[in-house]
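Listed in order, the protein sequences are those of chains A and Z. All residue numbers for the first sequence refer to the numbering used here, where the first residue is 306 and numbers rise by one. All residue numbers for the second sequence refer to the numbering used here, where the first residue is 306 and numbers rise by one. All C-beta atoms, glycine included, are put in the ideal place defined by N, C-alpha and C. Here is the structure we will look at, set down as structure tokens.
Number of protein chains: 2
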Amino acid sequence: MKVDDPELYYMEGFPVPETPAPGEDPKPWIETFVIGKPLPRVDAYQRVSGSAIYPSDVSFPDMIYGVVVGSPHPNAMVERIDTSKAEKMPGVRAVITGSTAGADLTWKWPYGNSKSKLFDPHCRFEGDAVAGIAADTPYQAADAAAAVEVQYKVLPFVVDERKALDPAAPVIHGKDNHVGKPDTYERGDVNKGFAEADVVLETEYRTECLIHTPMELHGCVARWDGDRLTIWESTQGVYPVQQDVAGVLGMPLAKVRVIGHYMGGGFGSKLQAGKYTVIASLLAKATGRPVKLFLSREETFLSTGNRPPSNMKLKAGVKKDGTLTALEFTCLGTGGAYQSGGISLVDWLIRDLYTCPNVRCECNDVFINAGCARPFRAPGHPQGSWALEQTLDALAEAIKMDPVDLRLKNIPLYSQARAGDPPYTTTGLKECIEKGAAAFGWKEARKKLSQTKQEGHIRTGIGMGACLWFVGGGRPPSTIVLKLFSDGSANLNMGASDLGTGTKTVMAMVVAEELGLKIHNIQIENADTGATQYATASGGSKTVPTESPAVRAAAVEVKRQLLKIAADELKTDVQALTIRNGEILSSREPAKRIKIPDLKGLKQRGVIVGIGYRGPNPSNKWVNPFGAQFCEVKVDMRTGEIEVVRFVAAQESGRVMNRLTYDSQVIGGITMGIGLGLTEMRVLDGNETGKMCNRNWHDYKLPTALDVPREIVSVPIDPGDTEANSTGAKGLGEPVTIPTAAVIANAVYNATGIRVTETPMSPVKLCLMLAERDRRK
Amino acid sequence: MKVDDPELYYMEGFPVPETPAPGEDPKPWIETFVIGKPLPRVDAYQRVSGSAIYPSDVSFPDMIYGVVVGSPHPNAMVERIDTSKAEKMPGVRAVITGSTAGADLTWKWPYGNSKSKLFDPHCRFEGDAVAGIAADTPYQAADAAAAVEVQYKVLPFVVDERKALDPAAPVIHGKDNHVGKPDTYERGDVNKGFAEADVVLETEYRTECLIHTPMELHGCVARWDGDRLTIWESTQGVYPVQQDVAGVLGMPLAKVRVIGHYMGGGFGSKLQAGKYTVIASLLAKATGRPVKLFLSREETFLSTGNRPPSNMKLKAGVKKDGTLTALEFTCLGTGGAYQSGGISLVDWLIRDLYTCPNVRCECNDVFINAGCARPFRAPGHPQGSWALEQTLDALAEAIKMDPVDLRLKNIPLYSQARAGDPPYTTTGLKECIEKGAAAFGWKEARKKLSQTKQEGHIRTGIGMGACLWFVGGGRPPSTIVLKLFSDGSANLNMGASDLGTGTKTVMAMVVAEELGLKIHNIQIENADTGATQYATASGGSKTVPTESPAVRAAAVEVKRQLLKIAADELKTDVQALTIRNGEILSSREPAKRIKIPDLKGLKQRGVIVGIGYRGPNPSNKWVNPFGAQFCEVKVDMRTGEIEVVRFVAAQESGRVMNRLTYDSQVIGGITMGIGLGLTEMRVLDGNETGKMCNRNWHDYKLPTALDVPREIVSVPIDPGDTEANSTGAKGLGEPVTIPTAAVIANAVYNATGIRVTETPMSPVKLCLMLAERDRRK
């Protein structure tokens, strides 16, 4: 696959699919000519050369720097703030606190009903905002922050959700630390199910709290121009940030312009405005100067979200033939100090991944004195998968069945957890498992391992697991404006952010596919509430499936107008016209042809503008991506080190829009799964201070290039879903990280006989478990 | 008229006009509720506070500064350029000339077929570009420019169009200095017409060359991001600049983004890209840095356009009853060193302002060694008016008729100069003259002056004149996108530049009128080829009449969608719904009402997007603005000083969209007319050097506040034109400056008996003429 082939890149001369009749919706593509090709990013040069401007690069000549003064305590009351020293320090332009006029604002925490003050006198987690400062340099701002004297009444804290319901634990909100009633789900009769089972297993699992910690920090540049506020924010969604800021400040939406340049990753932690966004806006207003406020890496660890920890118990029953008879699941989770969905979607895979008539789930969410959770690449799912996929592995062993066969025995064709059992447009799960196993050489590897007695301290193991993602196929609303210039180049006006995943590239390909334009003649604007059209935040693996049909609809509308102009000028029937290589041709009259730049009608109009909306999906079926993953590990029995040797990910995410960006998502998702399984955890000091101990990239262990296997094979499964939407794309970003950690755990068990039920599977932990087993022998 | 009345400003509770049925075009407004009101500019705060960002304010942290090295000679061949010294100077980042790779480009001069090199070895006017330099500071760039050593072969020059056809004159292009064949026009039989006349007068007139010299200099900031070029330019039209730059550089249009922030005046001189735009782009590419290149004031005098000089002869015949029988007009003009329409539209008023059966015009355009002409607020018209309106004044005197009555005798109802004699939608000329005369007190003033023998050295006189502007009512194309946010605020996405004339304010009023929104909830984006929609350049007095119907169409489309959502939610008939004060009401069922922010359907969609196109005007009639002006002067017979005491301008420009911006245009147009009549002229040294002698605001005399009468009365004439377009707006900016100079000249004649046929009527010139008359007595 030559990805840098200029013939491919420029896409000269590919044919253009049939145009729908006027007014007719475009039919799903069957054959494609650009879509699916491994085209390099349209903005690759900018990204690689460093010329791409990220919000953290935005700068103005008169810009000053903001900083947030955060509480050093996990639970404390602010009794007095003395800012007088800070105000007198060199370069300091403004100091604001809750008692500053205009700053006594209410803050609504996302994902729940929690409200507090923007600068709340009760700081319920370490790092919550107490004051904001703007100064001429970031260093002056930091020095001034250190000079703000806050008198705190330090309160007892609880930072471990397992201790939050102890009668002795301090209560963070209300009567006790329950966020609400347990979230329960039930179908069938689990007791009956367990009674029917030949084998019943019950295991406790735990996943640790993870921090998103994307490459680009959280923050923004805020500037006022009269009564209008412009914010350049590192965000997954300019429109949600606009709504958040306008809401807090009580401004009309049209007066808050949010611009998302390139952005350096979010993973769910940049779906809304932060307190920093509002504080930057207030500081900019107070000083009449543009204010840049980016949190430090340390601050982002404390206050910009996390994948919450989960404490799960899963009881499962299975017949000897592999039929699942019952699943009973409980979970204790926490979203931190305010409502933020600490147990959100943890039980979804239990409810819906495998056919099972009897299921009961109960999830409990509690408050602790720690930063709030936020959606984190497949909220809840990797946690649930950690429990479910390890349990299935154990069940398979118990009934002496290949784990692949156990899963194939329980493939669902409709959603059991939803009212009315809606069918799936496609269930690629079976194909994912089968083709993934074949690509991995699962049977052969399993056979070989079972026939080999492993000697020495390096042990090899293989493992697998499957997943679904609870939503796919995208949904309204989205609006796209596509402008075709008179020379046949085009400008795509899209409000969705490209998080670095290649959204812009895919959308350029959709335009190229539909209109027969060269990729390098298509320019895509950055998301901007002032200048681009409406889009929801890029997240939930729904960006491509939501936006691409709207982009296609806009391109179809441009094509309709373009061909009408051509038909008038060529004096021919519009239905016979197609576009090839920038030229409009009649299939009936070969002499009738004209190049786009030669169309007089186009020149007169200047541009053709097409507007495209995201309509509802064409069927009432449910659109889910599925996946199955397989890995091989080597475990060093002396050191407890785990090397992930190779990975195969077979993902059914509908149409492969671009094979390069597809593979990038697979590599990224597996890498994050390795983080969850092997290296990452937030460490809070539960004894003395309640503070976070590893708030940096040195102590918080992200997987690096050396932790990622050289061989990650992506096996795209495309059953040709024509019911999802008009481009056939589903979501890939999240499903591909869901089973990874559990798959590694299964492989580790296969290699060592040790089942690690708590993340991360660190060398120390594995050593201790191996030593414990040896002790018991 | 309380213009700062907040009730008015916020427009609470005004009723909303009837919505057209779906698919139906909006009918022209009859009654309006916001339109016509004297609303202050929506961006008044930004403009007055200095927070508005003009292109000359755009700055980047890594920005460097560009400068153009221009020829010091009006006619010279570049024989050798040595840039080695300049390249070694401190801070210098790039020096480019015609021999630099990538800079050997062809430049197409606007308004004609002339082409040259961007850096042409034959410099045909002073200031033409020879090299470009970028350096860390503007001062370093200027120093380096001085260090570029150019060896010129200096050639003989001709800088006076009256000498350009002398056999001895150097030939600038081709065989002789004729730009082309004479531009001729003829109807009827002028000889027959003159034979029928009772009085025939023949007079020579001359107007001097004027420089636009707007407040903001000409220039841009250019930045590359990979293969995309972004240009922040002080321009009247972002799309023409995009086309020019893409054309010269051979780039796809979509890859050239031109952004027009606020801009500080153009008057026709910023309708295209300049060489400076391309040179800035090349320097930015060469250095990989954003480059700011704004010309100096001196440079703009040489190379960014002018109102060309004209040498006219008008012979006119009239019967005793005031019937015009024949007009014969010749003109010699020049557009400078390249084709640029030196005689463009000079004869239009002769052809079309007054009913006259026999007309002959012949205009000749020649090359001279001076900077090129560009459209200048009503191209050709003030020059033609200078001849025509003074001649009519003289004819009236000759037949002892009131000049008002002479003009009323010859009111046209259709366009005589156009094939098929198309009628006008309205001819407000008669009303302009009558109501203007009444407002001025013309009859009374004339009577009083005729009865008074003026003694002393201060003499009073009155004068009048009329005009039309050859095009009005706007025309396609224009595309507008209007976004209604879920809180009922709106964002208007318009590609047209607001030159400072109030376009944004008028468009916000159109949205408010149609949708019942408060003015301060409407935000209008700056023109931007990437982010806003297509518009032609703001010029030709067509911005409001072109854009406002498109804006209205977009608002009507938003309203249609909004009311449909409301009808569904209120379960009522959409036809009965109206919007009042942000609330949707049913005229049939009073209980059914809902506020815009409460509409669930709107919240779900995020925004409603309406797209509006500028359709053709509803009738085949011609849409012309008309006007009549009256003034009183006092002339100091000792010093030749002329004081313009008061002015009345009665203008028929269709609907008054905003009375404040309307009056601003009137004041501005009359001020520029005073400049033409009394103070302004380009002075070229025709003897020694051919260089411009007064290339600055000290020596080139613009009228200042002290030259403008305290009393400028605007009398809007609105005959209720429902055939022009759906808002009823015509153009005002240009018509209002056309007759001013001639009106003053007529008043000066009335005061002194001296007819000044050459602009400017400077004190020295008038003194000389008074002395000459005294000498002859």
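With fewer than 16 neighbouring CB atoms inside 10 Å of its own CB, residue 520 of chain Z falls in the exposed class. Residue environment for residue 1010 of chain Z: exposed (fewer than 16 other C-beta atoms within 10 angstroms of its C-beta). Neighbours of residue 350 of chain Z across chain A, judged by C-beta separation under 8 Å: 531 and 532.
With contacts defined as CB atoms closer than 8 Å, residue 676 of chain Z and residue 607 of chain Z qualify as a contacting pair. Using a Cβ-Cβ distance cut-off of 8 Å, the region 660 to 675 of chain A and the region 476 to 485 of chain A are in contact, since at least three pairs of beta carbons, one from each stretch, lie closer than that value. Chain-order list of chain Z residues neighbouring residue 795 of chain A: 559, by C-beta distance under 8 Å.
Judged by their CB atoms, residue 360 of chain A and residue 583 of chain A are not nearer to each other than the 8 Å cut-off. For residue 798 of chain Z, the nearest beta carbon of chain A is closer than 8 Å to its own beta carbon. The three-state reading of DSSP puts residue 786 of chain A in strand, counting E and B together.
Neighbours of residue 830 of chain Z across chain A, judged by C-beta separation under 7 Å: 835 and 836. Only buried fits residue 609 of chain A, as 16 or more other CB atoms lie within 10 angstroms of its CB. Following the DSSP letters along the chain, one finds residue 581 of chain Z inside the alpha helix (DSSP H) bounded by residues 580 to 592. Its Cα nearest to that of residue 1054 of chain A, the residue A:696 stands out among A:575, A:373, A:696 and A:516. Residue 934 of chain A sits close to residue 741 of chain A, with the two beta carbons spaced by under 8 Å. As a beta-bridge residue in DSSP terms, residue 422 of chain Z pairs with Z:411. Not flagged as an interface residue toward chain Z: residue 608 of chain A, since no C-beta distance is shorter than 8 Å. In this structure, DSSP gives residue 828 of chain Z an extended state, which the three-state scheme calls strand. Around the beta carbon of residue 835 of chain A, 16 or more other beta carbons sit within 10 angstroms, so the residue counts as buried.
Out of Z:911, Z:428 and Z:736, the CA that lies nearest to the CA of residue 457 of chain Z is found in Z:428. At least one C-beta of chain Z is nearer than 8 Å to the C-beta of residue 792 of chain A.
Setting aside the 5 residues that flank it on each side, residue 630 of chain A is surrounded in the same chain by 498, 499, 501, 502, 622, 623, 624, 661, 662 and 663, each with a C-beta closer than 8 Å to its C-beta; the list follows chain order. Taking a C-beta distance under 8 Å as the contact criterion, residue 509 of chain Z and residue 774 of chain Z do not qualify as a contact pair. Using a C-beta cut-off of 8 Å, the region 632 to 645 of chain A makes no contact with the region 390 to 407 of chain A, since fewer than three inter-stretch Cβ pairs fall below that distance.
The Cβ atoms of residue 619 of chain A and residue 703 of chain A do not sit closer than 8 Å to each other. Contact check for residue 556 of chain A against residue 587 of chain A fails: the beta carbons are separated by 8 Å or more. For the C-beta of residue 687 of chain Z, not a single chain A residue is nearer than 7 Å; the gap to the nearest is close to 30 Å. Residue 934 of chain Z has Z:770 and Z:954 as its beta-bridge partners, per DSSP. When DSSP reads this structure, residue 615 of chain A sits in a beta bridge with A:512 and A:638.
Closest in C-alpha terms to residue 797 of chain A, from the list A:882, A:817 and A:781, comes A:817.
Here residue 959 of chain Z has 1026, 1029, 1033, 1034 and 1035 as same chain residues with Cβ atoms under 6 Å from its own Cβ, once five neighbours each way along the sequence are excluded. With a threshold of 8 Å between beta carbons, residue 944 of chain A makes no contact with chain Z.
Counted as a single uninterrupted DSSP element, the alpha helix (DSSP H) harbouring residue 1051 of chain A occupies residues 1045 to 1057. One finds 781 and 782 in chain A with Cβ atoms closer than 9 Å to the Cβ of residue 909 of chain Z, taken in chain order. Short of 6 Å from the beta carbon of residue 413 of chain A, and not among the five residues preceding or following it, lie these beta carbons of its own chain, in chain order: 420. Identification of residues in the region 356 to 375 of chain A having a C-beta nearer than 8 Å to some C-beta of chain Z yields 356, 357, 358, 364, 365 and 366, given in sequence order. Restricted to the region 458 to 503 of chain Z, the alpha helix (DSSP H) segments that are unbroken, complete and at least 4 residues in length are 495 to 501, listed in chain order.
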